[in-house]
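Peer 1: In my numbering, the protein residues as written are -3 to 733. First the structure, then my questions, so here it is.
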C-alpha cells in the first residue's frame, strides 16, 4: 500500500510517492495531452471526495502496489495521463459549488433580483422578487420586463434602459437613480429603489437589477413629515416663544409667532439667522460645541433675548434636543417675563407702603391626624390665623376659637358631612377680629378659605385630613365693596327715576299755571278786570320764580358735581340773612298756622362767606321745616357761638321727624323720605344735599338730628377762622388778604 500526492496548477504536476517502506520519491511533469489518456493502464483508484477541488487542490490518490516503483518513466506516464481527468473533475466540482453558492445568495437576498436579456425578457426571478411582485418564477420567466412597470411610465422606462445600455458604465447603484415604481400582479404600485448592472455572456448583453421595496420607508417618511407638521402646528399655537435651530450651524429653522413678537423681527428675516443673534452669551460656533448649550437639555435659565429697537427681553429659556427635518436640532423655549418683572417691580414699590399684615394671596397648609387629634400648621397658616393660634400644633378646638362665632357651625357641619362620604371640603369663614379691630367701627373681619381632603387607610377609613388655609380678606373686601357699589348704583338709579318723576311734576304744575293765566290775560276773558289780572300776574310771577329755583338747584348740583362751583366770599351778617328768609317763608307758615321765630345770641359774629349760598342754605332748611311740620306747630332759627368760637346756625321744628336710619340717606341727591305716606310734598330731593355741599364748600359741617314724632334739628357749624367780630374788622381782614 502506498499514497500518491498530486498538486495541480494546470501548468505542471508534482507527484509525491510514499512507498510501503516509507521512502519518498517526488516527480514533476508538464501537463499531459488529452490523447494520452487512452493509453493509461487500468489501476485501482479511490478518491477522497471530502478533499476540496480547485486551482491549487491537493488530491489524495491511494492505489495498490506490490512493490515500490523504480521506473521513472512509468511514473511520468501515469502522471501525464491522469492529470487532465483530475483537472476536469476539479473544475466541475468548482462550478457545482459556485452554482450552489449563487442559489444560496439569491435565496437569502433581502431584495428582489431579476435578470433580463437584450430583448427585455426576464431570465431570472428570485424568491424575494416573487414575494414583492406577486408572480411565481414559472409565471414571469420569459415575460417582458414591461409586465412589472406601470403603464404610464413604460415608454420613459424603456428609453432610460436603452440609454444605460449604450453607455460605458457597467452599473448604477441605489440612490444614484431616480425613484421608480413597480407594478405587482394585482396592478398595485409600490415605490422602489433599483441598482442595475450589465454584463456580457458571449455575444449577448445581460442586465441584472436589484429592486428594493421603499413602501415601508416612504410610509415612515410620510409619518415623520406628518409628525413634523403636527409639531409645527403645536409650536405655532404655543403662547410662549419657540425657535428651532440646527445643531451644527446654529441657524434658525423655525420660529413661531410668539418668538417673532418677542424679538420684534419679521419671520422671514429670523429664519437663517444664527441663534447668537437673539440669545445673550451664545457665540457663533456650533451649538454642539458650546459649553452650556451643548448639554442634552437645560431648564428655566434666565437669559436676555435681543429685540430690535427695544431693550433686551428678560426670558426664562429651556432647551431640548430633537430631530427636525432630518437634522439634529436644538429647540429653544422662551417665556418672556419682562412684563412680569416690570409688574413685580411696580408691585414691590406699592408694597413698600403696606404693612406686613397686607400680604396678597397668603396660603398655609395644615394636617389633622385623627389618631392623636392634633392639628399641625405651617408658619404661614399660623400667621394667617393670628395671635389666637401662635403655635404650629393645636387641637380642632383651638382652631374653632380662631373662627368667628357666627361661622363656627360651618366648619362643624362641613366636617360632619364629609366624614361619612370622605368628600373634599371647601368653606369660606370669617376669623375672630383682634381686640383692636373690634373697637373700630369700620373694621372688616379677616376672611379665609378652608380647603381639605381626606387621606384613607387601606380599609377605606379616614386616616387624616390635609388642607390649606388661604387669606382672602382682600378679595372678600372687594366683593363687599362691589355689592355695596351695586346697591348704591341701584339706589342712585331709583333716585334718578324719582327725580325725573318729581321734576316733571314740579315743572308741569307752574308751567300750567303760567300758560293758563297768560291765556286768560291775553284773551281778556274777564273784560278788562284789572284786579283779577293783577292776581293772575302775581301767580305767573310766583310760578316763574319757582321754576327758576328748581333750575338753579339743578344747576348748582351739577356745578358742584363737576367741581366748577366758585365762592363769591365777603363779610356777611347771617342774622340779617336769616330774618329775610323768615319773611319769605312767612306766607307759607301762616297758611299752615305755623309759628316762626328767630333767636340770636348777643356775641354771634359776622362771617366771611358767600351770601348767596348761605341764603340758599337758610331757605332750603326753612322750606323743609315748614313742609314737614304739621299745622299749629313751631319752626325756629337759633344763631349762637360755641365755646371754640365757631358760628352755629340751627333750624329746628317740632314736626313729623325723621327715622334715624334715613338721616344719611336724605343727604344724598334726589333722595326723599315720606314721613307721612299719605301726604304729597313738592320738591325734587335736592334741598338737603345742596345744603350739605354748600356748607362743605365753606369748610363747614351740617349735622342732622331727628326723632320721629318730636321734630328735626339741622345745625350748620362754620369754622372759627371764618368768624369776624365787626364789619370793620372784616373789611380790614379782606384788604389785608
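Beta carbons are placed, not taken as given, at the ideal position from N, Cα and C, and that holds for glycine.
Is DSSP giving residue 198 helix, strand or coil here?
Peer 2: Looking up residue 198 in the chain shown gives position 202. It is coil, neither helix nor strand.
Peer 1: Once the 5 residues before and after residue 700 are set aside, which same chain residues still bring their CB inside 6 Å of it?
Peer 2: Within the chain shown, numbered from 1, the residue matching residue 700 stands at position 704. The residues are 659 and 710.
Peer 1: Hey, how far is the Cα of residue 239 from the Cα of residue 138?
Peer 2: The residue given as residue 239 occupies position 243 in the chain shown. The residue given as residue 138 occupies position 142 in the chain shown. As the crow flies, the alpha-carbon of residue 239 is around 58 Å from that of residue 138.
Peer 1: Any contact of the stretch 690 to 700 with the stretch 592 to 609, i.e. 3+ C-beta pairs under 8 Å?
Peer 2: yes
Peer 1: Got a sec, what are the start and stop residues for the alpha helix (DSSP H) residue 392 sits in?
Peer 2: Position 396 of the chain shown, counted from the start, is the residue given in the question as residue 392. Residue 392 -> alpha helix (DSSP H) spans 392 to 398.
Peer 1: Quickly, what does DSSP pair residue 427 with across the bridge? List them, please.
Peer 2: As a working note, residue 427 is residue 431 in the chain shown. Residue 427 is bridged to 399.
Peer 1: Rounded to whole angstroms, what's the CA-CA distance from residue 32 to residue 84? Just pull it up for me.
Peer 2: On the chain shown, residue 32 is found 36 positions in, with the first residue counted as 1. On the chain shown, residue 84 is found 88 positions in, with the first residue counted as 1. Residue placement at residue 32 is poorly supported in this model, since its pLDDT is 40, which falls under 50; the coordinates are not used for a value here.
Peer 1: Which stretch, first to last residue, makes up the beta strand (DSSP E) that contains residue 267?
Peer 2: Walking along the chain shown from the start, residue 267 turns up at place 271. Run containing residue 267: none; DSSP gives neither H nor E here.
Peer 1: With DSSP collapsed to three states, give me the class of residue 61.
Peer 2: Mapped onto the chain shown, residue 61 falls at position 65. For residue 61, the predicted structure reports a pLDDT of 38, less than 50, and the residue's modelled location is therefore unreliable. The matter cannot be settled from this model.
Peer 1: Can you round the beta-carbon distance between residue 119 and residue 112 to whole angstroms, since I take them to be within the 8 Å contact cut?
Peer 2: For the purposes of this step, residue 119 is identified with residue 123 of the chain shown, where counting begins at 1. For the purposes of this step, residue 112 is identified with residue 116 of the chain shown, where counting begins at 1. Correct: roughly 6 Å between the Cβ atoms.
Peer 1: Can you round the beta-carbon distance between residue 117 and residue 140 to whole angstroms, since I take them to be within the 8 Å contact cut?
Peer 2: Sequence index remark: in the chain shown, residue 117 carries index 121 (1-based). Sequence index remark: in the chain shown, residue 140 carries index 144 (1-based). Confirmed, about 6 Å.
Peer 1: Tell me, please, which residues DSSP counts as bridged to residue 297.
Peer 2: Mapped onto the chain shown, residue 297 falls at position 301. Beta-bridge pairing links residue 297 to 313.
Peer 1: Short of 7 Å in beta carbon distance, which residues of its chain neighbour residue 209, apart from the five on each side in sequence? Order them along the chain.
Peer 2: If you number the chain shown from 1, residue 209 lands on position 213. Within the same chain, residue 209 has close Cβ partners 128, 186 and 188.
Peer 1: How far does the beta strand (DSSP E) with residue 365 in it extend, from its first residue to its last?
Peer 2: The residue you call residue 365 lines up with position 369 of the chain shown. Counting along the chain, the beta strand (DSSP E) containing residue 365 begins and ends at 358 to 365.
Peer 1: Considering only the alpha carbon of each residue, which of 361, 190, 577 and 314 lies closest to residue 331?
Peer 2: Along the chain shown, one-based indexing puts residue 331 at 335. Ranking the options by Cα distance to residue 331, first place goes to 314.
Peer 1: If you compare alpha carbons, which of 224, 158 and 245 is closest to residue 114?
Peer 2: Working through the chain shown from its first residue, we reach residue 114 at position 118. The option with the nearest alpha carbon to residue 114 is 158.
Peer 1: Using the C-alpha atoms, what's the distance from residue 326 back to residue 316?
Peer 2: As a working mapping, residue 316 is identified with position 320 in the chain shown. As a working mapping, residue 326 is identified with position 330 in the chain shown. In this structure, the alpha-carbon of residue 316 lies about 6 Å from that of residue 326.
Peer 1: Leaving aside the five residues before and after residue 422 along the sequence, list all residues of the same chain whose C-beta is less than 6 Å from its C-beta, in chain order.
Peer 2: Working through the chain shown from its first residue, we reach residue 422 at position 426. Excluding residues within five positions, the ones whose Cβ falls inside 6 Å are 447.
Peer 1: Would the beta-carbon of residue 685 fall within 8 Å of that of residue 718?
Peer 2: In the chain shown, the residue the question calls residue 685 occupies position 689. In the chain shown, the residue the question calls residue 718 occupies position 722. For residue 685 and residue 718, no; Cβs fall outside 8 Å.
Peer 1: Starting from residue 255, follow the alpha helix (DSSP H) in both directions and report where the run begins and ends.
Peer 2: By one-based count along the chain shown, residue 255 stands at place 259. Segment 253 to 259, the alpha helix (DSSP H) holding residue 255.
Peer 1: Apart from the five residues on each side of it in sequence, which residues of its chain come closer than 7 Å, Cβ to Cβ, to residue 715?
Peer 2: Taking the first residue of the chain shown as position 1, residue 715 is located at position 719. The residues are 642, 695 and 696.
Peer 1: Quick check on residue 163: does DSSP put it in helix, strand or coil?
Peer 2: The count along the chain shown starts at 1 and reaches residue 163 at position 167. Here residue 163 sits in coil by DSSP.
Peer 1: Looking only at C-alpha atoms, which of 393, 321 and 251 sits nearest to residue 329?
Peer 2: The count along the chain shown starts at 1 and reaches residue 329 at position 333. The residue with the shortest Cα to Cα distance from residue 329 is 251.
Peer 1: Taking C-alpha atoms, which residue in 148, 161, 227 and 178 lies nearest to residue 207?
Peer 2: Working through the chain shown from its first residue, we reach residue 207 at position 211. When each option's Cα is compared against that of residue 207, the closest is 178.
Peer 1: For residue 391 versus residue 371, is the C-beta spacing smaller than 8 Å?
Peer 2: By one-based count along the chain shown, residue 391 stands at place 395. By one-based count along the chain shown, residue 371 stands at place 375. In contact: residue 391 and residue 371 (Cβ atoms closer than 8 Å).
Peer 1: Relative to the C-alpha of residue 249, which candidate in 231, 258, 629 and 235 has its C-alpha closest?
Peer 2: Counting from one through the chain shown, the residue named residue 249 turns up at place 253. The shortest C-alpha separation from residue 249 is found at 231.
Peer 1: Answer yes or no: do residue 468 and residue 443 have a C-beta to C-beta separation smaller than 8 Å?
Peer 2: Within the chain shown, the letter at position 472 stands for residue 468. Within the chain shown, the letter at position 447 stands for residue 443. Cβ atoms of residue 468 and residue 443: closer than 8 Å.
Peer 1: If you follow the beta strand (DSSP E) that residue 701 is in, where does it begin and where does it stop?
Peer 2: For the purposes of this step, residue 701 is taken as residue 705 along the chain shown, with counting starting at 1. Annotation: the continuous beta strand (DSSP E) that includes residue 701 extends over 697 to 703.
Peer 1: Nearest to residue 619 by CA position, among 543, 510 and 581, is which residue?
Peer 2: Residue 619 sits at position 623 when you count from the first residue of the chain shown. Ranking the options by Cα distance to residue 619, first place goes to 581.
Peer 1: What's the C-alpha gap between residue 5 and residue 87?
Peer 2: Within the chain shown, residue 5 is the residue found at index 9, counting from 1. Within the chain shown, residue 87 is the residue found at index 91, counting from 1. Unreliable placement is indicated for residue 5, whose pLDDT of 41 sits below 50; the coordinate value is still reported in the next sentence. So the alpha carbons of these two residues sit roughly 12 Å apart.
Peer 1: Measure the Cβ-Cβ separation of residue 565 and residue 605 and say whether it is below 8 Å.
Peer 2: What you label residue 565 is simply residue 569 of the chain shown in a count that begins at 1. What you label residue 605 is simply residue 609 of the chain shown in a count that begins at 1. Yes, Cβ-Cβ distance for residue 565 and residue 605 is below 8 Å.
Peer 1: Got a sec? Which residues, its chain only, sit under 6 Å from residue 413 by beta carbon, not counting five neighbours each side?
Peer 2: Here residue 413 corresponds to residue number 417 of the chain shown, with the count starting at 1. The answer is none, since no qualifying residue turns up.
Peer 1: What would DSSP say about residue 443, mapped onto helix, strand or coil?
Peer 2: Taking the chain shown and counting its residues from 1, one reaches residue 443 at position 447. Here residue 443 sits in strand by DSSP.
Peer 1: Tell me where the beta strand (DSSP E) around residue 779 begins and ends.
Peer 2: Residue 779 lies beyond the range of the chain shown here (-3 to 733); nothing can be said about it.
Peer 1: Tell me which same chain residues have a C-beta within less than 7 Å of the C-beta of residue 638, skipping the five on either side of it?
Peer 2: As a first step, residue 638 is located in the chain shown; it is residue number 642 there, counting from the start. Excluding residues within five positions, the ones whose Cβ falls inside 7 Å are 644.
Peer 1: Would you decide whether residue 740 is buried or exposed? Buried here means 16 or more other CB atoms lie within 10 Å of its CB.
Peer 2: Residue 740 falls outside the range modelled here, since the chain spans only -3 to 733, and no answer is possible.
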